[in-house]
Amino acid sequence: NAVSNDVSILLGNGDGSFENETRYLAGSGPQSVVVGDFNNDTRLDIVVANGDSNDVSILLGNGNGSFENETRYSAGYWPQSVAVGDFNNDTRLDIVVANGGSNDVSILLGNGDGSFENETRYSVGSYPQSVVVGDFNNDTRLDIVVANAVSNDVSVLLGNGNGSFENETRYSVGSRPESVVVGDFNNDTRLDIVVANGGSNDVSVLLGYDNVIFVNQMILITGNDSRPQSLVISDFNNDGLMDIGLVNSRAHNIGIFLGYGNISFANQVTYSTGLHSSPCSMAVGDFNNDTRVDIVFASCDANSVGIILGYGNGSFGNQMMYSTNSSSSEYSLAVEDINNDTILDIVVAIHDTNYLGVLLGQGNGTFASIILFPLEYGSHPFSIVIGDFNNDRKLDFAVANNVTDSLNIFLQTC
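Per the working numbering, residue 373 is the first one in the sequence shown, and the count goes up by one each step.
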């Protein structure tokens, strides 16, 4: 929750309804939340990157939907993004944090009991905003890529397999890179990097090679003053090749780049999200059970969630809009089957009105009216993750509240 500086947990009832939220304090200004099993007890735990208190909060799950009080570990200045992986091959999860204010990443190695070693920092570019892990040189050791929003590049740090990393190698991209994802776009079994450049209105694709030199950068144009932001990777035309989807927040549309699998992409095709909608996040799923990929997006200025159904050939239909309340500003989306009917549902964090919203899917591409779950006044939910926090095979929610410095848990219990 972006104003209340806490995290909300909502336990699900298995029918699309939820118990009242349970809130857990986090550090100041939580920005990003991720789940993982940090103490190897088969129960999900939570890590939160706290942008204002310059640390991460670890909340260990008890397996019944409750969590231990947070333990905090120092990170760099102004943490913006967090990811997890096993960086030293000891089967224990470790943490990487992108520190936007100190221009570095923090590595916290897990001890397997829920505790972590003190951070080790590695320099990256200016204002790292987004971090992703992957094996970029096919040595079975996890590496790190960071999008640096001010220096207009990405930093790649190769892992040594013992928890340490080589110094960064930087690759120039467009202006103000805001989001990074990885995938194999030319079917050579090597990970490639895709970056949304909000300042230069384009997307950079950097192809990976055996020597871990990312060359043959492709620039995919998204349009004048389009400001591309959130990225997804999926196969939109069922040809077995990865495609790129993104939201163009200032152009008020969704952009699709179909991949040819030969280091090239088709020109962008756009789909309107509505006048003055300002889409800010997106996700994919099959919402009408036709085995074709569909798109859901959150419109931060139109106070709505939109659905665009895919035809399976790379094209999409017109958007269907679902209201989330006036002046709501949705920032985070998640897609899962919340009520165990084998039909995908949508969960949205509604920032300005302090609600969590659930849209239950009907299986035909339509959704029931939004169900709102209130959070404490002033919470301003910012980031949401879904998991089974009480081992009842029903999905629950954790919501980071950026201003009340807390975590809310919503559990399904019936």
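A virtual CB, placed ideally from N, CA and C, is assigned to each residue, including glycine. Since the structure is predicted, the reported quantities are computational estimates derived from the model, not experimental observations.
Backbone secondary structure at residue i - three-state DSSP
| i | result |
| --- | --- |
| Leu-618 | strand |
| Ala-706 | strand |
| Gln-452 | strand |
| Val-496 | coil |
| Gln-784 | strand |
| Ser-598 | coil |
| Gln-640 | coil |
| Glu-538 | coil |
| Phe-629 | strand |
| Cys-652 | strand |
| Arg-464 | coil |
| Leu-592 | strand |
| Ile-585 | coil |
| Val-545 | coil |
| Asp-427 | strand |
| Ala-519 | strand |
| Asn-773 | strand |
| Ser-389 | coil |
| Gln-501 | strand |
| Val-665 | coil |
| Gly-555 | strand |
Given residue i as reference, the closest of the options once Cα atoms are compared
| i | options | result |
| --- | --- | --- |
| Ser-572 | Asp-597, Ala-519, Gly-689 | Asp-597 |
| Ser-544 | Phe-745, Phe-390, Ile-585 | Ile-585 |
| Asn-441 | Gln-640, Ala-519, Arg-513, Val-420 | Val-420 |
| Ser-644 | Ser-404, Asn-774, Ile-667, Asp-709 | Ile-667 |
| Leu-618 | Asn-588, Val-379, Val-566 | Val-566 |
| Val-503 | Glu-748, Asn-509, Asn-475 | Asn-475 |
| Pro-500 | Leu-514, Ser-478, Gly-486, Glu-491 | Ser-478 |
| Val-604 | Asn-510, Asn-620, Thr-663 | Asn-620 |
| Tyr-581 | Ser-495, Asp-378, Asn-509, Gly-399 | Asn-509 |
| Gly-457 | Phe-769, Val-771, Asp-507, Gly-437 | Asp-507 |
| Asn-412 | Asp-560, Gly-484, Leu-480, Gly-433 | Gly-484 |
| Gly-399 | Leu-783, Ala-772, Thr-642, Gln-784 | Ala-772 |
| Val-577 | Leu-529, Thr-561, Gly-595, Phe-629 | Phe-629 |
| Ser-527 | Ala-470, Tyr-396, Gly-486, Asp-560 | Ala-470 |
| Thr-714 | Ser-704, Asp-724, Leu-732 | Leu-732 |
| Leu-480 | Asn-490, Gly-472, Gly-473, Gly-486 | Asn-490 |
| Gly-388 | Ser-751, Ser-741, Asn-774, Tyr-749 | Ser-741 |
Beta-carbon proximity list for residue i, same chain, < 6 Å, skipping 5 on both sides
| i | result |
| --- | --- |
| Gly-482 | Phe-410, Arg-464, Leu-465, Asp-466, Phe-488 |
| Gly-631 | Phe-557, Leu-613, Met-614, Asp-615, Phe-637 |
| Ile-743 | Val-730 |
| Ser-695 | Ser-676 |
| Ile-381 | Thr-394, Ala-770, Asn-780, Ile-781, Phe-782 |
| Arg-513 | Gly-531, Gly-533 |
| Arg-562 | Gly-580 |
N-terminal and C-terminal residue of the beta strand (DSSP E) that residue i is part of
| i | result |
| --- | --- |
| Asp-564 | 564 to 569 |
| Asp-417 | 417 to 422 |
| Ser-576 | 574 to 579 |
| Val-406 | 402 to 408 |
| Leu-481 | Neither: Leu-481 is in no beta strand (DSSP E) and is coded neither H nor E. |
| Thr-696 | That residue, Thr-696, is in no beta strand (DSSP E); it is neither H nor E in DSSP. |
| Leu-432 | Looking at the DSSP string, Leu-432 is not in any beta strand (DSSP E), and its letter there is neither H nor E. |
| Asn-443 | In the sequence on display, residue 443 carries Thr and not Asn. Here the beta strand (DSSP E) through Thr-443 covers 443 to 446. |
| Tyr-396 | 394 to 397 |
| Ser-676 | 676 to 680 |
| Phe-745 | 743 to 746 |
| Ile-635 | That residue, Ile-635, is in no beta strand (DSSP E); it is neither H nor E in DSSP. |
| Gly-533 | Per DSSP, Gly-533 belongs to no beta strand (DSSP E) and is neither H nor E. |
| Ala-721 | 717 to 722 |
Own chain, CB closer than 8 Å to residue i, minus 5 neighbours either side, in chain order
| i | result |
| --- | --- |
| Arg-548 | Ala-521, Val-522, Asn-524, Asn-569, Gly-570, Gly-571, Ser-572 |
| Gln-640 | Leu-592, Ile-593, Thr-594, Gly-595, Gly-627, Ile-628, Phe-629 |
Other residues of its chain near residue i: CB distance less than 7 Å, five sequence neighbours each side excluded
| i | result |
| --- | --- |
| Ser-498 | Asn-475, Asn-520, Val-522, Ser-523 |
Inspect the CB distances between the segment 647 to 658 and the segment 668 to 685 and report whether three or more fall short of 8 Å. Judged by Cβ distances under 8 Å, the segment 647 to 658 makes contact with the segment 668 to 685, as three or more pairs qualify.
Taking contact to mean 3 or more Cβ pairs, one atom from each stretch, closer than 8 Å, check whether the segment 678 to 696 and the segment 707 to 715 are in contact. At 8 Å Cβ cutoff, the stretches do not touch.
Given 8 Å as the limit, is there contact between the segment 413 to 431 and the segment 450 to 460, that is, 3 or more CB pairs closer than that? Yes: the two stretches touch, three or more of their Cβ pairs being nearer than 8 Å.
So, do the segment 533 to 540 and the segment 575 to 594 have three or more beta carbon pairs nearer to each other than 8 Å? Counting Cβ pairs under 8 Å, fewer than three are found: no touch.
I want to know whether the segment 752 to 766 touches the segment 709 to 726 - three or more CB-CB distances under 8 Å. Contact holds between the segment 752 to 766 and the segment 709 to 726, because three or more Cβ pairs, one in each stretch, are under 8 Å apart.
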